[in-house]
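In my numbering, the protein residues as written are 9 to 735. Taking it in order: structure first as structure tokens, then the write-up.
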């Protein structure tokens, strides 16, 4: 498996059984490498496997969220196939009759995305969640819109843009097309996960507002007749994902104290008139809102079903009203979606050997209905993950090991420790394409769930909270656990080469990677991917701003020094660069002393510093003009100094600079005549790539030269990859 194989990646999600349990609608998502995006379609298959799966949506964009009408005669789904008159993508809601051939009918469309579709029990209405645009968006032209006033730390999301003036609201639309969709939750709060009462005029939804309490959410009722929206819960917890049965009993998930993080969510029952749920699953101290696909619980008779994360697995479990828990679908895998009808359960699951596929379990047993990953798995046979444990202090850490492709037990292989993000998430028995790619490149790959991960009890998840919360903080026992996993892997798998260890990870995994290379010299290579290496900027400028205070018990604004002390960039004890700095500095100085662009930059900084030092301006106009002319003359002298050093004609005035710039930017060969030599490409990459002919980024280029020096000094530039890692 290679990076280019991403074009063969596909998976199933959102299985929906028909009311009679005979058919399953589901979504297949594939990678469009050429367009650099995902595409998805809705498919339909008979539960008995008698017919071939068939797509019921014909779009080439993103179709999803299939939901059966209560009578089973039609399916609603969302799509982004339509464009407005300016070519902008529209999100649409369609309904397709399932009884025979025919086109899907358009029910409504919006500028914002549509999701969380829910039919009313009588089939007359569909509720869905979609962002509602505030007054900032009154003008269709971006440049004509008024400035925003940011009044909260969480005001935008990666991939979503600004969210503070685009709250998620619940909308309702009649299924007969007699009217358009209307917003039933006006205001600035977010409302999501709509669920209907049996009368088809009242709903429940999850309400949240990051301007109030970041991790708090409530369950609210919506009355379509009166228009009233009432918050039912007490505002203290994280309550949500309501599920309503035919008798109007309300199930939900969550926790009671939104000021505590991380913590496992549970499944509960919200009694009529109660301000907080009665939790049913506290006997199983695990997360019942399992990552990576949190979902509302499902009523089946007098029980509720939900996903549970446990020691690297995600299982579908059932709890009755007395708190008795049983497993419905388990095993060494991740269940990521399900739907029940009678005694039949349709579910989606993945293992280390395949991405998410559709399965059925009924009275006759379990069977697999799809094989959407067949192209990928035929091209490169997936490598199984072997579970093992490591002892770290007085705890055992779950870990998994992937052998390299074409494994030969008589050889020794380099090992990569791959650390997950979160940190309150888990690795485990899932299809990890990154680990597969690394193993197929000839590496042993090890993944683990150190303390701070999910999938264990609350004490495990909270083990790395900050000192203000009586914990040791990040980079403590989690670091110990990761190193214990490395030691256990070396002891249990003698084919690992202890001199060729690498470490990598993303987000928190990037943090831990940076922390580890600052505290040990055991790793020969490291890659901090999108790492949160500065906790100040993570807490103040990221799209989860403010959340880290729940990890450490203090605000970055009030305690900047304490936060800075635990950032991995502050630790250099084992840093390679401490021994390289004298040589790197010497080479750097010898270059920049002769580099006209660098000298030009320094001269500009000096001039800017002098200008900032001016504390007053003369009132006399002639004196002000003279001062201005003097400043312009200095700037001209600095520019001509650079030009003369580069063999260019000096300028008469600064106004000539823009005209001359067009003639100055040109790529030439070095003395060998090779225009592709590293030095030529490095020196002129900015000019060659910049369509506006702006000056090159001298600091970026010099940083590249310093990196090249580092590789040359350490020999990394000439090092051959391990024989076992070559392809």
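Every residue gets a Cβ at the ideal spot worked out from N, C-alpha and C, and that includes glycine. From a predicted model like this one, the values you see are computed outputs, not experimental measurements.
Measure from the alpha carbon of residue i to the alpha carbon of each residue in the options, then state which is nearest.
{"i": "residue 111", "options": "148, 313, 93, 66", "result": "66"}
{"i": "residue 173", "options": "125, 144, 190", "result": "144"}
{"i": "residue 52", "options": "42, 29, 44, 45", "result": "29"}
{"i": "residue 407", "options": "480, 320, 344", "result": "320"}
{"i": "residue 38", "options": "379, 427, 245, 431", "result": "379"}
{"i": "residue 129", "options": "107, 255, 113", "result": "255"}
{"i": "residue 722", "options": "277, 623, 95, 586", "result": "586"}
{"i": "residue 247", "options": "273, 54, 369", "result": "273"}
{"i": "residue 427", "options": "653, 416, 454", "result": "454"}
{"i": "residue 334", "options": "97, 171, 316", "result": "316"}
{"i": "residue 219", "options": "203, 196, 611, 714", "result": "196"}
{"i": "residue 87", "options": "125, 25, 59", "result": "125"}
{"i": "residue 647", "options": "660, 635, 637", "result": "660"}
{"i": "residue 324", "options": "244, 346, 307, 639", "result": "346"}
{"i": "residue 115", "options": "135, 97, 96", "result": "135"}
{"i": "residue 306", "options": "15, 151, 633, 354", "result": "354"}
{"i": "residue 232", "options": "181, 409, 368, 63", "result": "181"}
{"i": "residue 381", "options": "368, 394, 357, 404", "result": "357"}
DSSP on residue i, reduced to helix/strand/coil?
{"i": "residue 507", "result": "strand"}
{"i": "residue 426", "result": "strand"}
{"i": "residue 420", "result": "coil"}
{"i": "residue 91", "result": "strand"}
{"i": "residue 547", "result": "helix"}
{"i": "residue 104", "result": "strand"}
{"i": "residue 679", "result": "The predicted model places residue 679 with a pLDDT of 40, which falls under 50 and marks its position as unreliable, so this point remains unresolved."}
{"i": "residue 523", "result": "helix"}
{"i": "residue 468", "result": "helix"}
{"i": "residue 601", "result": "coil"}
{"i": "residue 736", "result": "It is not possible to answer for residue 736, since the shown part of the chain is limited to 9 through 735."}
{"i": "residue 112", "result": "coil"}
{"i": "residue 487", "result": "helix"}
{"i": "residue 296", "result": "coil"}
{"i": "residue 188", "result": "coil"}
{"i": "residue 501", "result": "coil"}
{"i": "residue 590", "result": "helix"}
{"i": "residue 171", "result": "coil"}
{"i": "residue 163", "result": "coil"}
{"i": "residue 15", "result": "helix"}
{"i": "residue 674", "result": "At residue 674 the pLDDT is 36, less than 50, meaning the model places this residue with poor confidence; the figure from the coordinates comes in the next sentence. Note: residue 674 maps to coil in three-state DSSP."}
{"i": "residue 494", "result": "helix"}
{"i": "residue 131", "result": "coil"}
{"i": "residue 255", "result": "coil"}
Report the CB separation of residue i from residue j in whole angstroms; it is logged as a contact under 8 Å.
{"i": "residue 48", "j": "residue 71", "result": "6 Å"}
{"i": "residue 215", "j": "residue 198", "result": "7 Å"}
{"i": "residue 241", "j": "residue 217", "result": "So it is not a contact: roughly 13 Å between Cβ atoms."}
{"i": "residue 493", "j": "residue 425", "result": "7 Å"}
{"i": "residue 275", "j": "residue 312", "result": "5 Å"}
{"i": "residue 158", "j": "residue 205", "result": "With 8 Å as the limit, residue 158 and residue 205 do not qualify as a contact, their Cβ atoms being about 38 Å apart."}
{"i": "residue 250", "j": "residue 212", "result": "4 Å"}
{"i": "residue 141", "j": "residue 147", "result": "That pair is no contact at about 11 Å."}
{"i": "residue 452", "j": "residue 504", "result": "5 Å"}
{"i": "residue 32", "j": "residue 55", "result": "6 Å"}
{"i": "residue 469", "j": "residue 432", "result": "5 Å"}
Taking the beta strand (DSSP E) that residue i belongs to, which residues open and close that run?
{"i": "residue 634", "result": "Run containing residue 634: none in the beta strand (DSSP E); it sits in the alpha helix (DSSP H), 629-653."}
{"i": "residue 321", "result": "321-328"}
{"i": "residue 263", "result": "258-263"}
{"i": "residue 71", "result": "71-76"}
First and last residue of the alpha helix (DSSP H) that includes residue i?
{"i": "residue 604", "result": "604-620"}
{"i": "residue 353", "result": "No alpha helix (DSSP H) holds residue 353; the beta strand (DSSP E) holding it covers 352-359."}
{"i": "residue 441", "result": "441-448"}
{"i": "residue 710", "result": "706-722"}
{"i": "residue 557", "result": "556-560"}
{"i": "residue 313", "result": "Element bounds for residue 313: not the alpha helix (DSSP H) but the beta strand (DSSP E), 311-318."}
{"i": "residue 382", "result": "382-387"}
Comparing the CB of residue i with every heavy atom of the ligand MG, is any distance shorter than 8 Å?
{"i": "residue 522", "result": "With respect to the ligand MG, the structure shown offers nothing to examine, as it has no ligands at all."}
Any C-beta of chain D sitting closer than 9 Å to the C-beta of residue i?
{"i": "residue 625", "result": "The structure shown contains no chain D; it is built from a single protein chain."}
For the region 430-438 against the region 523-536, are there 3 or more C-beta pairs whose distance is under 8 Å? Flag = no, the region 430-438 and the region 523-536 do not touch.
Hey, is the region 358-365 in contact with the region 13-21, meaning 3+ C-beta pairs nearer than 8 Å? yes
Contact between the region 453-462 and the region 487-504 is defined here as three or more beta-carbon pairs at a separation below 8 Å; is this criterion met? The region 453-462 makes contact with the region 487-504; the number of CB pairs closer than 8 Å reaches 3 or more.
Validate contact between the region 77-90 and the region 104-120 using beta carbons, cut 8 Å, 3 pairs: yes
Tell me whether the region 442-450 and the region 407-419 touch, counting them as touching only if at least three CB pairs, one residue from each stretch, are closer than 8 Å. In short, these stretches touch, since the Cβ pair count reaches three.
Is the number of C-beta pairs between the region 621-633 and the region 586-596 that are closer than 8 Å three or more? no
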